[in-house]
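Protein chains in written order, with my numbering: chain A, 1 to 471; chain B, 472 to 814.
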Amino acid sequence: MLFNSLSFVAFLIVVLALYYSKIFNWTNKKRMLLLASYVFYGMWNPPLVVLLWISTMVDWTAGNKLAIEENQKKRKFWLLLSMFVNLGFLAFFKYGDFLLENFVFLVNSIGIDFQAQPMNIILPMGISFYTFQTMSYTIDTYKRKIKPAKTFLDFALYVTFFPQLVAGPIVRAKDLITQFYDEKKATANQFIWGLFLLTIGLFQKVVMADTLLADTSDAVFGSGKLLHGIDAWIGTIAFSGQIFFDFAGYSTCAIGIALMLGIILPDNFKYPYASLGFSEFWKRWHISLSSWLKDYLYIPLGGNRFGITRMYVALILTMLLGGLWHGAAWTFIVWGGLHGLYLILEKLQKQYLPFKITKWNGIFLAFITFSCINITWVFFRAREFNTAWSMIKSMFYVQMDGEKVLSLFDIIKVSTVIAILFICHWLMRNTSMKEVSLKTSPWVLGIVWAIMFFIICIAQGNGEQFIYFQF
Amino acid sequence: MKLKTSLIVALSIGIIGLIAWESYWRSQDYEPNLNDDKELWANQRAKVNNASEQDILLLGSSRILFDIQLNEFEAETGIRPVQLAIAGASPLPVFHDLVHNTGFKGTIILGVTTVLTFSTLYPKAMPWDRPQSKVDHFYNRTYAQRLNHKLSLPLQNNFVFMSADEELYIDDIDLKSLLRRIEIGERVPETVYLVNFQNTTEDRNTSMLNKTVTDSSFTRRVTNFWEFVMKVSPPPDVAPTMEYLVNDAKDFINRGGNLVFLRCPSSGPFRGGEAQILPRETVWDELLRQTNAKGYHYEDYDQFKNLVCPEWSHLSLKDAKFFTTELAKIMIEDNVLTNQKTN
Chain A
1 MLFNSLSFVA FLIVVLALYY SKIFNWTNKK RMLLLASYVF YGMWNPPLVV LLWISTMVDW
61 TAGNKLAIEE NQKKRKFWLL LSMFVNLGFL AFFKYGDFLL ENFVFLVNSI GIDFQAQPMN
121 IILPMGISFY TFQTMSYTID TYKRKIKPAK TFLDFALYVT FFPQLVAGPI VRAKDLITQF
181 YDEKKATANQ FIWGLFLLTI GLFQKVVMAD TLLADTSDAV FGSGKLLHGI DAWIGTIAFS
241 GQIFFDFAGY STCAIGIALM LGIILPDNFK YPYASLGFSE FWKRWHISLS SWLKDYLYIP
301 LGGNRFGITR MYVALILTML LGGLWHGAAW TFIVWGGLHG LYLILEKLQK QYLPFKITKW
361 NGIFLAFITF SCINITWVFF RAREFNTAWS MIKSMFYVQM DGEKVLSLFD IIKVSTVIAI
421 LFICHWLMRN TSMKEVSLKT SPWVLGIVWA IMFFIICIAQ GNGEQFIYFQ F
Chain B
472 MKLKTSLIVA LSIGIIGLIA WESYWRSQDY EPNLNDDKEL WANQRAKVNN ASEQDILLLG
532 SSRILFDIQL NEFEAETGIR PVQLAIAGAS PLPVFHDLVH NTGFKGTIIL GVTTVLTFST
592 LYPKAMPWDR PQSKVDHFYN RTYAQRLNHK LSLPLQNNFV FMSADEELYI DDIDLKSLLR
652 RIEIGERVPE TVYLVNFQNT TEDRNTSMLN KTVTDSSFTR RVTNFWEFVM KVSPPPDVAP
712 TMEYLVNDAK DFINRGGNLV FLRCPSSGPF RGGEAQILPR ETVWDELLRQ TNAKGYHYED
772 YDQFKNLVCP EWSHLSLKDA KFFTTELAKI MIEDNVLTNQ KTN
C-alpha cells in the first residue's frame, strides 16, 4: 500500500479510529496495529508476508536465546543463524539474478560455455529495510547492548510497524520496542503536527518528485542518445531532486503517521544538499542507514582503530556494500565506490590541506559538495554503464552537438526547483522545521498548509511507487 | 504553538480552494468523466474468467471502442458484450492472451483497424506496448491497486478535477498536464498531444463527446493529431502480423470459439490513406481467406458505407448507436450471433 493512494487514506482512517476508540486495551491496540501492518504489506503481495513472519520468528527466538545463553559457541550459533536467514533472504530475493549473471559471465570468461535462465525472482518490497532492522536487534542482543523484547507482540510490531516497514527509517530496537511497552497516545499537538508532516511528505512525493521532476529525469536517462551537455546536467539534477523528495517525502510521511499514533521515529534526513563535505552528507542523508552501516559494518571492519590504511579499506568496503544494498547492479557499487573515494579524499584534504570554513566560503563548499554528489547520481540512476558513461561524457565534454531532448520550459522548471531546494537546505541546515514553525504565525502556517493540500489534490498523481521500495 | 488554528485555517482555505477550482473548470464546459485506464480495462478482462459460451468479447482499437454501443448491442442481442478494445493499439497481444491463457469459447468480435492490426510485432512499439502493458497489469495488479481504483470511481464520477488520464490528454487539468501546456521557445520540436474526445462508463461503454461533432475547432484539434500520427507512423509490417493473427485465430476457432472480424467506418484522409497503404484485397480479404472466419466490412452495406466520422476515424454517438443496432441485426440474421432474448 502506498502512502500516496486512496486506499491508504481509508486504511489510515480505520486504523486511527480503532486506535483511539475505547474498545481496545493497549495490548489489543498493539495486536490491531500488528494486524493492520500485515494488511498494509499484504495488499501488495499477500504470500510475501510469510517472509516477514519467518524473519520475525527467527530473530525473536535468536534474541531470547542470546539473552540467556552463556556458552559463547552457542551464542555465536544463534547470531549466525539470524545472519544466515536474513542475509540469505536478501541474497536469494535481491541478489539471486545478479549473482547468477556474474557467475555466468565469470565462467564464460574462462572459456567454459555455460548459459543459465534468469530466475526472475520477485523482489519483496522493503526487504532490505526490515532485514537490516531485525539484524540490528539480534546483533545488539548478542553484544548485550539491549535486552530482548518483553513480549513477542512487541517484537513482531517492531519488525512490522507499518509506517516505516517498507522504506524506513531503519529504527533500532532500543528506540522503538521500548515505546511499545506503555500505552501511547498522541497529544492534540502531536496529532496535528503528525498530520502536517504527512502533508509535507505527500507534497514532496506527489508534487515535487512525481509532478515536477520525474518526467525530466526519465526523459533524459531513458533517451538512449548522446545528449547535449545542458540536457545531461538538467536530467541529473532533476533526478537528484526527485530522489531526495521521493525518499525524504516517504520518511516524513512515516514520521508523521507514527506521531499521529503517539510513536516517535527518528529523523532520516536533515537538509543533506547543504552539506559541507561528504562525511557531513552521510550524517544528513538517509541517516538511519548510514548509522547502521557505521555501527554494524564500518566499526566491526576496524573503523579508525587500526591505522589509516585499514581505515580507508574499511571505509571503501562499507561504501561499496552500501551501494550494493541499494540495488543488485554494478552501477550501484560504483555509486558507493565514488562516495567512498570522496570520503577518503575529504579525509586527505583535512589532513594535508586544512582550511577554515566561514560563512563566506561555506555556501561555495556546499555547492561543490552538491555538484560532486550529483555526479554520483548518474551511476545510481543509469542502471547501465553505457548510459552512465554517455551522460558523464555529455556533462563534462559539454557536447554542443549532442541531442536536445528537453524543452526550454523543462530546463527553467528543473533549474528553478533545484535552486530553491539548494537554497532552502542552506537556510535550514542549522535549524529544523519544528523550530521554524514555532516562530511562524499559526495563520501563515495554516495558509502554507492549505496551499500544499490544494496542490496535492490538483496534482492527483497516479499512485507512483516510491523509488526506495525497490531497495 | 497554535496548531489547531493552523489546521482549521488549512482545511478551510484548502476546501474553498478546491471548490473554486472545481467550479472554474465546470464553467469551462468540463464534465466529470472516467479515466479509461489500465485498471478499468483489467476489471473488464477479469470478466472473461467467468465468461460462458454465450458471452461476447469486443477486441480491437478505438474504432470498435467508439462505434459499438453496449446498450444498443444488448438491446438487440440480449447480451452485454465485454469491451476489451484499446485505443491506439494492436488487438494482437490481447487476442493472443485470450487464446492462450483462457479457455474462452464464446464469441470474439475483433475490430480490424488495418494500420494498427498489421502494424508491428515489436514489443516496444507503441501499438504493441500499450495493449501488452494492460494485459501485464491485469496479471500483476495488486489488491491495493484494485482498492484504489474502486475508491477513485465515485470521485472520478463526481469531480471534474479528477482528470489525470494515463493517456496524457493535453486538455487534462491535473497539474502535470497544465504544466505540459506551457511552451517557451523552440529548443525541441513541438510535441502534438491528443485532446480527450471520449466519454467512458465503468464497463467501458465509450462514446464520442458531442463537441467533437458540434465544435469544428475542437474537431480540428483531433484531426491535427491524426495528421501528426500519419506523418510519424512507420510503415505496417503485414506478413508477420498476418501470420501471428491467423495462427491465433485458427487456435481459437479450432477449440470451438466463434470469431468475427469487423471493419468499422473511417472517413476523409484516413479512408483514402488506409485504402492506399493497405488495400482491402491484400489485407482484409486475405485475412478472411486464411482464417475462414466471418467478416463485416462497412463498405459492403448500403446503410454503413456513407456514414461520416466527424474526425475521420470514429462515429458520433448517434451514428454509433445506428451502426451497432443495424450490425447486430445483420449478425443475428446471418446466424453469427444468436438473440438471447428470444432464445
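Beta carbons: idealized from backbone N, C-alpha and C, even for Gly. Since this is a predicted model, take the numbers as computed values, not measurements.
How big is the Cα-Cα spacing for R751/B and S590/B?
In the second sequence, residue 751/B corresponds to position 280, counting from 1. In the second sequence, residue 590/B corresponds to position 119, counting from 1. The straight-line gap from Cα to Cα measures roughly 15 angstroms.
At a CB-CB cut-off below 7 angstroms, which residues of chain B make contact with G302/A?
Position 302 of the first sequence, counted from the start, is the residue given in the question as residue 302/A. Correct list: empty, because the minimum Cβ distance to chain B is about 44 angstroms.
Contact check, S55/A vs V85/A under 8 angstroms by CB: the rounded distance?
Taking the first sequence and counting its residues from 1, one reaches residue 55/A at position 55. Taking the first sequence and counting its residues from 1, one reaches residue 85/A at position 85. Between V85/A and S55/A the Cβ distance is about 7 angstroms, and since that is below 8 angstroms, they are a contact.
Where M400/A falls, given that 16 or more other Cβ within 10 Å makes a residue buried
The residue labelled residue 400/A in the question sits at position 400 within the first sequence. With fewer than 16 Cβ atoms within 10 Å of its Cβ, M400/A is classed as exposed.
How is the alpha helix (DSSP H) around V659/B delimited, first residue to last?
Walking along the second sequence from the start, residue 659/B turns up at place 188. No alpha helix (DSSP H) holds V659/B; DSSP gives it neither H nor E.
Please report the distance separating the alpha-carbon of T548/B from that of S737/B.
Position 77 of the second sequence, counted from the first residue, corresponds to residue 548/B. Position 266 of the second sequence, counted from the first residue, corresponds to residue 737/B. Whole-angstrom Cα-Cα distance: 25 angstroms.
In the DSSP assignment, the beta strand (DSSP E) including Q669/B goes from what residue to what residue?
The residue you call residue 669/B lines up with position 198 of the second sequence. Counting along the chain, the beta strand (DSSP E) containing Q669/B begins and ends at Q669 to T671.
Just the chain A side, please: which residues come within less than 7 angstroms of W492/B by C-beta, in chain order?
Position 21 of the second sequence, counting from 1, holds the residue named residue 492/B. Those are I458, listed as they occur along chain A.
Are the C-beta of A186/A and some C-beta of chain B separated by less than 8 angstroms?
By 1-based counting over the first sequence, the position of residue 186/A is 186. No, A186/A does not count as interfacial toward chain B.
In chain B, which residues lie less than 7 angstroms from S7/A when you measure between Cβ atoms?
Working through the first sequence from its first residue, we reach residue 7/A at position 7. The contacting residues are A615, L618, N619 and L622.
State yes or no: is the C-beta of P781/B nearer than 7 angstroms to some heavy atom of the ligand PLP?
The ligand PLP is absent from the structure shown, which contains no ligand whatsoever.
Would you kindly report the start and end of the unbroken beta strand (DSSP E) that includes K147/A?
In the first sequence, residue 147/A corresponds to position 147, counting from 1. Segment: none, K147/A is in no beta strand (DSSP E) and carries neither H nor E.
Cβ-Cβ separation, R734/B to V583/B (assumed contact under 8 angstroms), whole Å:
Here the question's residue 583/B lines up with position 112 in the second sequence. Here the question's residue 734/B lines up with position 263 in the second sequence. V583/B to R734/B, Cβ: 5 angstroms. Contact.
Can you grab the Cα-Cα spacing for the pair G222/A / A328/A, in whole Å?
Translated into the one-based positions of the first sequence, residue 222/A becomes position 222. Translated into the one-based positions of the first sequence, residue 328/A becomes position 328. Rounded to whole angstroms, G222/A to A328/A spans 19 angstroms at the Cα level.
Checking the sheet assignment: what are the DSSP bridge partners for L265/A?
Your numbering for residue 265/A matches position 265 in the first sequence. DSSP, once it has assigned bridges, lists no residue as partnering L265/A.
For F89/A and I127/A, believed in contact at Cβ under 8 angstroms, the rounded distance
Start at 1 with the first residue of the first sequence, and residue 127/A comes out as number 127. Start at 1 with the first residue of the first sequence, and residue 89/A comes out as number 89. Confirmed, Cβ separation roughly 6 angstroms.
Looking only at its chain, what residues have a beta carbon closer than 8 angstroms to the beta carbon of I724/B, apart from the 5 residues adjacent to it on each side?
Taking the second sequence and counting its residues from 1, one reaches residue 724/B at position 253. Cβ within range, chain order: L730, T762, N763 and A764.
Proximal chain A residues relative to T671/B, where beta-carbon distance stays under 7 angstroms:
Here residue 671/B refers to the residue found at position 200 of the second sequence. Simply none; closest approach about 17 angstroms.
F454/A versus chain B: which residues are under 7 angstroms apart at the beta carbon?
On the first sequence, residue 454/A is found 454 positions in, with the first residue counted as 1. By Cβ distance, chain B contributes G485, G488 and L489.
Taking only beta carbons into account, state which residues of the region 401-412 of chain A come closer than 8 angstroms to chain B, listed in chain order.
K404, V405, L406, S407, L408, F409, I411 and I412
Buried or exposed: Q162/A, going by 16 or more other Cβ atoms within 10 Å of its Cβ?
Position 162 of the first sequence, counted from the start, is the residue given in the question as residue 162/A. Gln is not the amino acid found at residue 162/A; the sequence shown has Phe there. Its Cβ being crowded by 16 or more others within 10 Å, F162/A is buried.
Where A450/A meets chain B, residues with beta-carbon distance less than 8 angstroms:
Taking the first residue of the first sequence as 1, we reach residue 450/A at position 450. Within 8 angstroms Cβ-Cβ: V480, A481, L482, S483, I484, G485 and G488.
Burial state of W282/A, where buried means 16 or more other Cβ atoms lie within 10 Å:
Taking the first residue of the first sequence as position 1, residue 282/A is located at position 282. Answer is buried; the Cβ neighbour count reaches 16.
Helix, strand or coil for L34/A? Go by DSSP, reduced to three states.
For the purposes of this step, residue 34/A is identified with residue 34 of the first sequence, where counting begins at 1. Helix, per DSSP.
To the nearest angstrom, how far is it from the Cα of N667/B to the Cα of D636/B?
Taking the first residue of the second sequence as 1, we reach residue 667/B at position 196. Taking the first residue of the second sequence as 1, we reach residue 636/B at position 165. Whole-angstrom Cα-Cα distance: 9 angstroms.
Quick one: does V659/B have its CB under 8 angstroms from some CB of chain A?
Taking the first residue of the second sequence as 1, we reach residue 659/B at position 188. Yes, contact with chain A.
I299/A - DSSP class collapsed to helix/strand/coil:
For the purposes of this step, residue 299/A is identified with residue 299 of the first sequence, where counting begins at 1. Looking at I299/A - three-state DSSP - the assignment turns out to be coil, as it is neither helix nor strand.
Would you verify that the beta carbon of E654/B is, or is not, closer than 8 angstroms to some beta carbon of chain A?
The residue you call residue 654/B lines up with position 183 of the second sequence. Closer than 8 angstroms: yes.
Assigned exposure category for R516/B - 16 Cβ within 10 Å defines buried
Position 45 of the second sequence holds residue 516/B. When all chains shown are included, R516/B counts as buried.
Given a threshold of 16 other Cβ atoms within 10 Å of its Cβ, counted over all protein chains shown, does Q499/B qualify as buried or as exposed?
As a working note, residue 499/B is residue 28 in the second sequence. The residue in question, Q499/B, is exposed, as its Cβ has fewer than 16 Cβ neighbours within 10 Å.
For V553/B, name the three-state secondary structure that DSSP assigns.
What you label residue 553/B is simply residue 82 of the second sequence in a count that begins at 1. In the structure shown, V553/B sits in a strand (DSSP, three-state: E or B).
Contact set for A558/B: own chain, Cβ-Cβ below 7 angstroms, skip 5 residues either direction
Numbered from its first residue, the second sequence carries residue 558/B at position 87. Here the set comprises S532, S533 and L536.
Y130/A in three-state terms, based on DSSP:
Translated into positions along the first sequence, residue 130/A becomes position 130. It is helical.
Note down, in chain order, every chain B residue with its Cβ under 9 angstroms from the Cβ of L10/A.
Here residue 10/A refers to the residue found at position 10 of the first sequence. Going by the sequence as given, residue 10/A is Ala instead of Leu. By Cβ distance, chain B contributes L618 and L622.
Could you please tell me which residues of the region 423-446 of chain A, in chain order, have their CB closer than 8 angstroms to any CB of chain B?
S437, L438, P442, W443, L445 and G446
Determine, for K475/B, whether the minimum Cβ-Cβ distance to residues of chain A falls below 8 angstroms.
Translated into positions along the second sequence, residue 475/B becomes position 4. Closer than 8 angstroms to some Cβ of chain A, the Cβ of K475/B qualifies, so yes.
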